[in-house]
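> Let me give you the structure first, and then I'll get to my questions.
In our numbering, the protein residues as written are 540 to 826.
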């Protein structure tokens, strides 16, 4: 798509961020089950090519997975909120290094300039959403994320009244001090390898531009002060067989209905730097 027809300006990497984040671990040393990535919600329906790559035999390798919620107070795109899903590691195309790497499969942001530039710079499959963060007197934070229902233009998008993701973030019963953490010193790999993206037929309105090549990017420059948290799902569903009500964090459509571990992490005083991505031009056979 011609950049002159996009509703926001070009914001090339590197990007520097400040804010806070919450991590919810969905997998640790996970061994994948057959068909796991075929469950609803892991991919936007627009990204059929990304879904097909991830669901090929032996493509999904498991390992470490997580959900991230972020509130950026400073970034090249201005302040905005973000919801990220990294199910784990995937096999990279032949000849691309690293040979296996984590991948973002679903991501929502609250700013259109982040949608467009995140897709353009790093193949991050961003789409627009509305976020609600509501702290209460008990130190808890109620977070809800709402999908768009209309893109009449980028400045007046209309969103659903019902959230597709809702979580209540709680401090631990026994308060613990924050400790500094820098992911550069972590043994866990933090180089993403992202496949090319399909373009939306209405990219001028929804910002979902397409890309042509694979991109890798090191996101290990991620540091802050960390303490443990707990959480509770704020969406309810009635089991059709037992008629029992259960809570969950996501509706299984806009985001997969998965259950993280009970303990997560809160990053305060977060600082992140995301460098320019490395473009990998692959042959059709290797894709």
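Glycine included, each C-beta is placed from N, C-alpha and C at the ideal position.
CB-CB under 7 Å to residue 801, same chain, minus the five flanking residues each way: which ones, in chain order?
Within the chain shown, the letter at position 262 stands for residue 801. Counting only Cβ-Cβ distances below 7 Å, and skipping sequence neighbours, we find 769.
> Between 635, 628, 670, which has its C-alpha nearest residue 648's C-alpha?
Stepping through the chain shown from its first residue, residue 648 is reached at position 109. Comparing Cα positions, the closest option is 670.
> Going by C-alpha distance, which of 627, 548, 813 is nearest residue 567?
Taking the first residue of the chain shown as 1, we reach residue 567 at position 28. Of 627, 548, 813, the residue nearest in Cα terms is 627.
> Give me the Cβ distance between residue 646 and residue 624, rounded to the nearest whole Å; I'm assuming they're in contact under 8 Å.
Here residue 646 corresponds to residue number 107 of the chain shown, with the count starting at 1. Here residue 624 corresponds to residue number 85 of the chain shown, with the count starting at 1. Indeed, because the Cβ distance is near 7 Å, the residues count as touching under 8 Å.
> For residue 724, count neighbouring Cβ atoms within 10 angstroms of its own Cβ and tell me buried if that reaches 16, exposed if not.
Here residue 724 corresponds to residue number 185 of the chain shown, with the count starting at 1. Counting Cβ neighbours within 10 Å, residue 724 comes out exposed, since fewer than 16 surround it.
> To which residues of the same chain is residue 656 closer than 6 Å at the C-beta, ignoring the five residues directly before and after it?
What you label residue 656 is simply residue 117 of the chain shown in a count that begins at 1. Result list for residue 656: 550, in chain order.
> Could you give the DSSP three-state label for residue 655: helix, strand or coil?
Against the chain shown, residue 655 aligns to sequence position 116. The answer is helix: DSSP assigns residue 655 an H, G or I state.
> According to DSSP, simplified to helix, strand and coil, what is residue 590?
Translated into the one-based positions of the chain shown, residue 590 becomes position 51. Helix, per DSSP.
> Measure how close the beta-carbons of residue 788 and residue 705 come, nearest whole angstrom, since I'm counting them as under 8 Å.
For the purposes of this step, residue 788 is identified with residue 249 of the chain shown, where counting begins at 1. For the purposes of this step, residue 705 is identified with residue 166 of the chain shown, where counting begins at 1. Correct: roughly 7 Å between the Cβ atoms.
> What number of angstroms, rounded off, separates the C-alpha of residue 548 from the C-alpha of residue 650?
As a position in the chain shown, residue 548 is number 9, starting the count at 1. As a position in the chain shown, residue 650 is number 111, starting the count at 1. About 13 Å.
> Using the three-state DSSP reduction, which class does residue 578 fall into: helix, strand or coil?
Counting from one through the chain shown, the residue named residue 578 turns up at place 39. In the structure shown, residue 578 sits in coil (DSSP, three-state: anything other than H, G, I, E or B).
> Here's the rule I'm using: 16 or more other beta-carbon atoms within 10 Å means buried, otherwise exposed. How should residue 763 be labelled?
Looking up residue 763 in the chain shown gives position 224. Residue 763 comes out buried.
> Where does residue 555 land, buried or exposed, given buried means 16+ other C-beta within 10 angstroms?
Within the chain shown, the letter at position 16 stands for residue 555. When all chains shown are included, residue 555 counts as exposed.
> Going by DSSP, what residue range makes up the beta strand (DSSP E) through residue 745?
Against the chain shown, residue 745 aligns to sequence position 206. Here residue 745 belongs to no beta strand (DSSP E); instead the alpha helix (DSSP H) covers 742-745.
> Give the range of the beta strand (DSSP E) segment to which residue 758 is assigned.
Along the chain shown, read from residue 1 onward, the residue named residue 758 stands at position 219. Element bounds for residue 758: n/a, residue is neither H nor E.
> If you drop the 5 nearest sequence neighbours on each side, which residues of the same chain put their C-beta closer than 6 Å to that of residue 809?
Stepping through the chain shown from its first residue, residue 809 is reached at position 270. Only 558, 559, 560, 763 meet the Cβ criterion.
> Do the stretch 569-577 and the stretch 585-601 make contact, defined as three or more Cβ pairs closer than 8 Å?
Result yes; three or more Cβ-Cβ pairs closer than 8 Å.
> Could you tell me the distance, in whole angstroms, from the CA atom of residue 757 to the CA atom of residue 581?
Locating residue 757 in the chain shown gives position 218, where the first residue counts as 1. Locating residue 581 in the chain shown gives position 42, where the first residue counts as 1. Going by the C-alpha atoms only, they are around 22 Å apart.
> Can you give me the C-alpha to C-alpha distance between residue 630 and residue 780, rounded to a whole angstrom?
On the chain shown, residue 630 is found 91 positions in, with the first residue counted as 1. On the chain shown, residue 780 is found 241 positions in, with the first residue counted as 1. Looking at the two C-alpha atoms, the distance is approximately 37 Å.
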